[in-house]
Amino acid sequence: MIEFRLNKKEKQKRLVAEHERLEREMKTLAETVRTAVACSNSDSVTHTLQELVVKREALRTQNLALREEVTRCEKFTAVVLEASEDSTEGEESNLLPSDETGWRVGEGDTSFYFHPFTRDEVDAEMRRFEVELAGGMPSLSLAGTFLGWGVYHAPLIASTLDGTRLVARTRVTKRLRCSLDVHTQMSYTKQKDLSPMIVTPIGWGLHQRGKASTHVLQDFDQDTLVFARDIPGPEKRIRYLFQVRRAQWELADGRRKLTASLAIIDSDANRRSRDAEMQDNVEWATEGGIQVSVTEMDENSIKVACDHWASCESKLHAEYLMIQWTQFAVWWEQLTVPSNLLL
Numbered sequence: 066m067i068e069f070r071l072n073k074k075e076k077q078k079r080l081v082a083e084h085e086r087l088e089r090e091m092k093t094l095a096e097t098v099r100t101a102v103a104c105s106n107s108d109s110v111t112h113t114l115q116e117l118v119v120k121r122e123a124l125r126t127q128n129l130a131l132r133e134e135v136t137r138c139e140k141f142t143a144v145v146l147e148a149s150e151d152s153t154e155g156e157e158s159n160l161l162p163s164d165e166t167g168w169r170v171g172e173g174d175t176s177f178y179f180h181p182f183t184r185d186e187v188d189a190e191m192r193r194f195e196v197e198l199a200g201g202m203p204s205l206s207l208a209g210t211f212l213g214w215g216v217y218h219a220p221l222i223a224s225t226l227d228g229t230r231l232v233a234r235t236r237v238t239k240r241l242r243c244s245l246d247v248h249t250q251m252s253y254t255k256q257k258d259l260s261p262m263i264v265t266p267i268g269w270g271l272h273q274r275g276k277a278s279t280h281v282l283q284d285f286d287q288d289t290l291v292f293a294r295d296i297p298g299p300e301k302r303i304r305y306l307f308q309v310r311r312a313q314w315e316l317a318d319g320r321r322k323l324t325a326s327l328a329i330i331d332s333d334a335n336r337r338s339r340d341a342e343m344q345d346n347v348e349w350a351t352e353g354g355i356q357v358s359v360t361e362m363d364e365n366s367i368k369v370a371c372d373h374w375a376s377c378e379s380k381l382h383a384e385y386l387m388i389q390w391t392q393f394a395v396w397w398e399q400l401t402v403p404s405n406l407l408l
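The sequence shown begins at 66 in my numbering and counts up by one.
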């Protein structure tokens, strides 16, 4: 984690230094223009002046791009640091020792031992996630609408990992009157609040998000990270390991599409550690995922689709989660769409 912070700080320093260099170059160009005008009024000076204006406009464009990159880097770094341990001592205790294969996460009776995943493991889990996402589509049917969101449910089925549990699946969709660029900008400013809960205890509400804790465990690249989430419930804490994968690409017709995928991830090594340290007040979730996709429809609108599924302890728990996932979509819309554009 310390190395991660240092890398982020070093990248930010380079961006700021480049930003300052461009500012100085723009000032130099401006001074050159003033000097040229003062010395002559010939056609050559006019031509030179035109070239300088073009160069200055190019530098201004680069400067704006760098400003946006610096802002994005600062906000992403802030979110990651806030999700890390609050104290330096706590953070150091979560570092991977050079002679061991894992480390402890958290403190006290609720801490646990974590074995890191390899890149191959997280990639394989994401492929399973995509298969699960595609495989569940045919079972969905329209259940109704809620504040403009189309709500689709699938029949409850038994979990393939634990036959005593049920798998709930929901999809909510809506076309929003908001450009993709505005949506992206709003998402950067609110990204700490936009991470959805894959599974929560019965009775858990959005107003309780502040009670949940999130630990950054691994950082493979800026778009692939592994986290641990701990959610206190009335009887037990729900805890799960999950990876986040972000992607963006251009469709054949030039429109853009963004996705954020959250998939619960597990391994034999982590299961063995949990079995060796049984905690009666902790329930580990091992099945579930969420994908939020945002597709640019035109310059003033986007289509949002949120797919959720998770293993549940009962039919009541499944119904509760499906309602909560729909409520989260509405809340997400309020955070990412400017109030003057809300339909």
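Where a beta carbon is used, it is the ideal one built from N, C-alpha and C, also for glycine.
- Message: So, for residue 288: in the same chain, excluding its five sequence neighbours on each side, which residues have a beta-carbon less than 6 Å away from its beta-carbon?
- Response: 311
- From what residue to what residue does the beta strand (DSSP E) around residue 290 run? 289-296
- Message: Do residue 347 and residue 179 have their beta-carbon atoms positioned less than 9 Å apart in this structure?
- Response: no
- Item | Enclosing alpha helix (DSSP H) for residue 185 [first to last residue] | 184-201
- Query: Nearest-angstrom Cα distance between residue 221 and residue 235?
  - Reply: 10 Å
- Are there 16 or more other CB atoms within 10 angstroms of the CB of residue 66, so buried, or fewer, so exposed? Confidence at residue 66 is low in this model, with a pLDDT of 49, below 50, so the placement of that residue is unreliable and no value is reported for it.
- Go through its chain and collect everything with a Cβ distance to residue 283's Cβ below 7 Å, but skip five positions before and after it. 181, 182, 290, 291
- Message: On the DSSP bridge list, what partners appear for residue 325?
- Response: 311, 357
- Message: By the three-class DSSP mapping on this structure, what secondary structure does residue 88 have?
- Response: helix
- Task: Using a threshold of 9 Å, state whether the C-beta atoms of residue 320 and residue 265 are closer than that.
- Result: no
- Message: Using the Cβ count rule (16 or more neighbours within 10 Å means buried), how would you classify residue 391?
- Response: buried
- Item | Three-state secondary structure (DSSP) of residue 233 | strand
- From 358, 172, 185, pick the residue whose C-alpha is nearest to that of residue 322; which is it? 358
- Message: Can you find the residues in the same chain that come closer than 8 Å, C-beta to C-beta, to residue 330, ignoring five residues on each side of it along the sequence?
- Response: 182, 186, 187, 190, 291, 306, 307, 308
- Item | Beta-carbon contacts of residue 214 that lie in its chain and below 6 Å, excluding the five residues immediately before and after | 237, 239, 394
- Chain-order list of residues whose beta-carbon lies under 6 Å from that of residue 211 (same chain, five-residue window excluded): 391
- Query: What are the partner residues of residue 371, as DSSP defines its beta bridges?
  - Reply: 237, 357
- May I ask which residues mark the beginning and end of the alpha helix (DSSP H) holding residue 337? 333-341
- Query: Could you check where the alpha helix (DSSP H) with residue 283 kicks off and where it finishes?
  - Reply: Run containing residue 283: none in the alpha helix (DSSP H); it sits in the beta strand (DSSP E), 278-286.
- Query: So who's on the other strand from residue 218, going by DSSP bridges?
  - Reply: 206, 235
- Item | Residue burial classification, residue 403 (beta-carbon count within 10 angstroms, cutoff 16) | exposed
- Determine the DSSP secondary structure at residue 394, reduced to helix, strand or coil. helix
- Query: Name the DSSP beta bridge partners of residue 348, please?
  - Reply: 303
- Item | Coil, strand or helix - residue 176 by DSSP | coil
- Message: Between the alpha carbons of residue 207 and residue 219, how many angstroms are there, rounded?
- Response: 9 Å
- Taking the DSSP output, what are the residues bridged to residue 170? 177
- Task: Label residue 198 either buried or exposed according to how many other C-beta atoms from any shown protein chain fall within 10 Å of its C-beta, with 16 as the threshold for buried.
- Result: buried
- Task: Could you tell me which residues DSSP puts in a beta bridge with residue 243?
- Result: Answer is none; residue 243 lacks a bridge partner.
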